[in-house]
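Written below as structure tokens is the structure these notes are about.
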Amino acid sequence: MATESTPGLVVPIDAAVRLGSHTFTSRLIVGTGKYATYELMQQCLAASQADVITVAIRRERLVDKAGRNILDFIDLSRYTILPNTAGCFTADEAVRVARLGREILLGLENPGANWVKLEVLGDTKTLLPDPIATLQATEKLVADGFQVLCYTTDDPMTARRLKQAGATSVMPAGSPIGSGQGILNPNNIRICLEYLKDGDPDYPVIVDAGVGTASDVAVAMELGCDGVLLNTGIAGARDPLLMAHAMRDGVRAGRMAYLAGRIPKKLYATASSPETGLIGSRLPS
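Using our numbering, read the sequence shown as starting at 43 and increasing by one per residue.
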């Protein structure tokens, strides 16, 4: 743990987070979809100060209506690209898309070529992951040399099986993709953390999906998660650029609060001021 200084403040905060063979300063991973323009996306990525950005690799998602390629608007020397398999509904389809992403990033000489954010969805209504297909795809991709970051539900049993299958990081959803409902079941996230970090405290657990604002991000980090991955919370905000700043600060605030250790919750009040040496008599209890 390192000490980071800001004007008038010295706080203990981790210097970096490790995801497989990658090490980053920022614990915020942001997506590149749903922005009104690629130019606005560029500004929000910069404001978030993320080191990792995730890009949907299915070919129709790389090019906009004007025929412009999203990769032309991303500084590949600044960001590590995390290719994702968004829009895939079978294990075989997700594996094909992951391999396509690897080929693209190898050609671009981006260090993100050796990993993938795995999404295998169950249906188009909920966009919840198919746990069986996700496990199957994880096994295939790990065998193929990928470092796999798995989008999954907040079910602790599924999370544990994905880690056993070789996932580099398990990423439970806070709530359904794009819903903005925040962390619906913090207790399940706590159990996921307990199971995944048992005997392996540095294993990275990232909340992926559902956060709508900076307080949701802070809650995820206060639970002890190692990072947050989000897209719609910024891209869909009334002022995406301002929200990108807020999300960045929410991650930092939540992480510092987790490291600092919150006070226990109590049923009754505890006086903040000393109760000795008071002038006059005390009120009856």
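Even for Gly, the Cβ is constructed at its ideal location relative to N, Cα and C.
Check                                                                                                                                                                                : Outcome
Please state the DSSP three-state secondary structure of Q189.                                                                                                                       : strand
Can you find a CB in chain B that lies within less than 8 angstroms of the CB of G303?                                                                                               : Absent here is chain B; the protein component of the structure consists of one chain.
Can you grab the Cα-Cα spacing for the pair N126 / G296, in whole Å?                                                                                                                 : 26 angstroms
Using a 10 Å radius around the Cβ and a threshold of 16 neighbouring Cβ atoms, would you call S314 buried or exposed?                                                                : exposed
Looking only at its chain, what residues have a beta carbon closer than 7 angstroms to the beta carbon of Q84, apart from the 5 residues adjacent to it on each side?                : F115
How close, in whole Å, do the beta carbons of A133 and V162 come, if the pair is a contact with beta carbons under 8 angstroms?                                                      : 6 angstroms
Give the DSSP-derived three-state secondary structure of S47 in the structure shown.                                                                                                 : Reliability of the predicted coordinates at S47 is poor, the pLDDT of 47 falling under 50, and the value obtained from them is presented with this limitation in mind. Here S47 sits in strand by DSSP.
Go ahead and pull the three-state DSSP assignment for G129.                                                                                                                          : coil
Kindly provide the ranges of any beta strand (DSSP E) runs that are 3 or more residues long and lie completely inside the region 61 to 119, ordered along the chain.                 : 64 to 66, 70 to 73 and 94 to 98
Answer yes if the region 189 to 204 comes into contact with the region 219 to 239, meaning at least three C-beta pairs across the two stretches below 8 angstroms, and no otherwise. : yes
Please report the distance separating the alpha-carbon of A92 from that of L82.                                                                                                      : 15 angstroms
On the three-pair Cβ rule with 8 angstroms, is the region 267 to 277 touching the region 59 to 78?                                                                                   : yes
Measuring CB to CB, does K107 end up less than 8 angstroms from A277?                                                                                                                : no
With a CB to CB cut of under 6 angstroms and the five nearest residues on each side skipped, what residues in its chain are close to A89?                                            : L283, A286 and H287
Look up G269 in the DSSP assignment and give the residues it is bridged to.                                                                                                          : I248
Taking the straight line between their C-alpha atoms, what separation do you get for E151 and L309?                                                                                  : 57 angstroms
In three-state DSSP terms, what is L301?                                                                                                                                             : helix
What does the Cβ neighbour count give for V53, buried or exposed, with the cut at 16 atoms within 10 Å?                                                                              : With a pLDDT of 48 at V53, under the threshold of 50, the modelled position of that residue is not reliable, and no figure is offered here.
Thinking C-beta only, is V212 closer than 8 angstroms to L183?                                                                                                                       : no
Mapping DSSP to helix, strand and coil, what is L160?                                                                                                                                : strand
Could you give the residue range of the beta strand (DSSP E) that holds P218?                                                                                                        : Counting along the chain, P218 falls outside any beta strand (DSSP E), and DSSP gives it neither H nor E.
Any idea what DSSP makes of V253, helix, strand or coil?                                                                                                                             : coil
Assuming I112 contacts V139 (C-beta within less than 8 angstroms), just tell me the rounded distance between them.                                                                   : That pair is no contact at about 15 angstroms.
Am I right that L160 and A136 are in contact with their C-beta atoms under 8 angstroms? What's the rounded C-beta distance?                                                          : 6 angstroms
Using the C-alpha atoms, what's the distance from L169 back to Y300?                                                                                                                 : 30 angstroms
When every heavy atom of the ligand GDP is checked, does at least one fall within less than 7 angstroms of the C-beta of D281?                                                       : The ligand GDP is not among the ligands present in this structure, which contains no ligands whatsoever.
Have a look at the DSSP bridge pairing and note the partners of S211.                                                                                                                : L191
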